[in-house]
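Data first, discussion second: the structure below is written as structure tokens.
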Amino acid sequence: MDTTQRTEQQRSADRRRRELLEAADRVVLRDGPQASMNAIAAEAGITKPILYRHFGDKGGLYAALAKRHTDALLSSLRAALDAPAERRERVESTLDTYLAAIEARPQVYRFLMHPSEGVSSGDQGFDVGKHSAPLLRRMGEELAAVIEERVDLGPGSQQLARVWGHGIVGMMHAAGDWWLGERPCSRAELVRSLADLLWGRLAAAGDRVGGPGF
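Every letter in the sequence shown is one number past the one before it in the working numbering, and letter 148, counting from 1, is 605.
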């Protein structure tokens, strides 16, 4: 098989994989945590064995969907962190970006972060709990890298940046999960309250010399 033919086959496989992920997304938007392989296969107009052929198993499909949505969320968070603004405004904008994302697609959020319930015995759904923690760890490491690059934390800055990164992500996740379920206040009120909690140490830290600033 020549290189051109292999390249075309890879493009075709990639295109088919995207189409299947888009079908899975439609089911997740409709069914949330109860999305099943049966429903996704039906939405894509294929059988479950073909779906397994592309993703291996439920965990493989979940991981592909999680990467797709996490990549998009991280891109939005980076844009908020890079926006020209005062530090306090940038902190609030980043918090709001996360909360706006889970508010806009609550079924996707619940699919990614909560175990499925009420799925028929013929298809037990996705083992979400097994996979959600790595998503939060990835976000924590990404934020830690941004903090270390931009904020002067003094001695032990790398470790402290990781503490801050994972701590902030944990706070956003826990507070956002509670808020999405109960809606005890407006999104703007929650953003201000969380920013107040973070602000003392962030306000005192200087920008890292030679970095892009925070």
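Note that CB positions come from ideal geometry on N, CA and C, so glycine has one too.
{"query": "Please determine if the segment 620-634 and the segment 587-604 are in contact, where contact requires at least 3 C-beta pairs separated by less than 8 Å.", "result": "yes"}
{"query": "Determine the DSSP secondary structure at residue 666, reduced to helix, strand or coil.", "result": "coil"}
{"query": "Which class does residue 514 belong to by DSSP, given the choice of helix, strand or coil?", "result": "coil"}
{"query": "If we call anything under 7 Å between Cβ atoms a contact, is residue 551 one with residue 533?", "result": "no"}
{"query": "With a Cβ-Cβ cutoff of 7 Å, do residue 496 and residue 485 count as a contact?", "result": "no"}
{"query": "For residue 556 versus residue 644, is the C-beta spacing smaller than 7 Å?", "result": "yes"}
{"query": "Residue 562: which of 526, 589, 546 and 541 sits nearest, CA to CA?", "result": "526"}
{"query": "For residue 654, count the other beta carbons within 10 Å of its own beta carbon; 16 or more makes it buried, fewer makes it exposed. Which is it?", "result": "exposed"}
{"query": "Quick one: complete alpha helix (DSSP H) runs, 4+ long, within the segment 472-528?", "result": "494-501 and 505-512"}
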